[in-house]
Every structure is written in C-alpha cells, then in structure tokens.
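Colleague: Numbering (the numbering used here), first residue to last: 99 to 225.
Have a look at the structure that comes next, please.
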Ligand code: AMP
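Next comes the structure, spelled out in structure tokens:
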C-alpha cells in the first residue's frame, strides 16, 4: 500500500530542528530521544530520519543502510541504558504502534524502548 507522509507531524518537526528534543543518540540515519511523557524509568523513542509512516513502510521501503543503522541504534540504546537482560539489566520492551488499531499518535515510524521496571503483560484489557 502506498503511504502518504504528513511532514507536519511532530517528529518531522523535531528532525527539522523546529522543536527541541532530549536526544539520547543520533546516527547518520536515526535519531533517538526521551519520550516527553515517559511510561517507565527508561522510555526512549527511536525514529528513522527518513519519511516513513509506520514499521511496515520502513521495513519495505527503507534502504539496507537505513534499516541496519536503525537496528544498530536500538541495540546501542539498550546497551547504553543497561537494559540488556542478564546479570546487570533486567530487560525491556520494544513497541511499534501502527495506525488506528495500533493507536499510533504520531505518523512517523518510531519504536518505543521501555524499561527500568517490570512492565507487566504485553497487552492489557480487551480493547
Ligand atoms: P505513539 O502512540 O506510538 O504514536 O506514541 C507517540 C509518543 O510520542 C507518545 O509516547 C508521546 O508521549 C510522544 N511524544 C509526543 N510528542 C513528543 C515530543 N515533542 N517529544 C518527545 N516525545 C513526544
């Protein structure tokens, strides 16, 4: 399905430097910053710099370089924030909401990295 990207979304404005962000990591193709309304002690949003609406859009249309860069950034943030499950970190959750059923608020692809406390079951309630 062809996606239409709204360049007035808040993450597009962050990428253009029109509004500030609390940057955690910036690479050639990826920006990561703290969520403005954190749901856990660690709540980082990871976004590609390219104009992708949601995860499947990015997965199908981004270049190999963008996809590798994005995934390496996710790994780096888990390491930086000491989230890796094991002796030190206790684990984390990544979430990518998409569209109406996924309750995506910002139509620029992003992954939430949440951690720093027990996060409960994956889904709560029946919707
Ligand atoms: P989603 O429902 O997956 O689209 O989540 C969008 C996320 O963006 C929410 O967790 C918001 O708290 C977060 N958010 C919205 N505006 C900003 C902002 N200016 N800086 C950082 N995070 C933001």
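Cβ coordinates follow ideal geometry from the N, Cα and C atoms, glycine included.
Check whether the stretch 147 to 156 touches the stretch 176 to 184, counting contact only when three or more Cβ pairs, one atom from each stretch, lie closer than 8 angstroms.
Modeller: no
Colleague: Is there contact between the stretch 195 to 208 and the stretch 135 to 150, where contact requires at least three CB pairs shorter than 8 angstroms?
Modeller: yes
Colleague: Need the endpoints of the alpha helix (DSSP H) that residue 169 sits in, please.
Modeller: 162 to 178
Colleague: Is the number of C-beta pairs between the stretch 116 to 130 and the stretch 161 to 168 that are closer than 8 angstroms three or more?
Modeller: yes
Colleague: For residue 208, name the three-state secondary structure that DSSP assigns.
Modeller: coil
Colleague: Within its chain, find whatever has a CB closer than 6 angstroms to the CB of residue 112; leave out the 5 residues flanking it on each side and keep chain order.
Modeller: 119
Colleague: Heavy atom of the ligand AMP less than 8 angstroms from the Cβ of residue 151, yes or no?
Modeller: no
Colleague: Quick check on residue 122: buried or exposed, where buried means 16 or more other Cβ atoms within 10 Å of its Cβ?
Modeller: buried
Colleague: Using 8 angstroms as the cut-off, classify the Cβ of residue 133 as near or not near the heavy atoms of the ligand AMP, replying yes or no.
Modeller: yes
Colleague: Tell me the rounded alpha-carbon separation between residue 212 and residue 181.
Modeller: 9 angstroms
Colleague: Just grab the DSSP bridge partners of residue 103 for me.
Modeller: Paired residue(s): none; residue 103 is not in a bridge.
Colleague: Can you check which of these residues, 220, 216, 221 and 222, is closest to residue 139 by C-alpha distance?
Modeller: The option with the nearest alpha carbon to residue 139 is 216.
Colleague: Measuring alpha carbon to alpha carbon, tell me which residue in 204, 219 and 172 is nearest residue 108.
Modeller: Nearest of 204, 219 and 172 to residue 108, Cα basis: 204.
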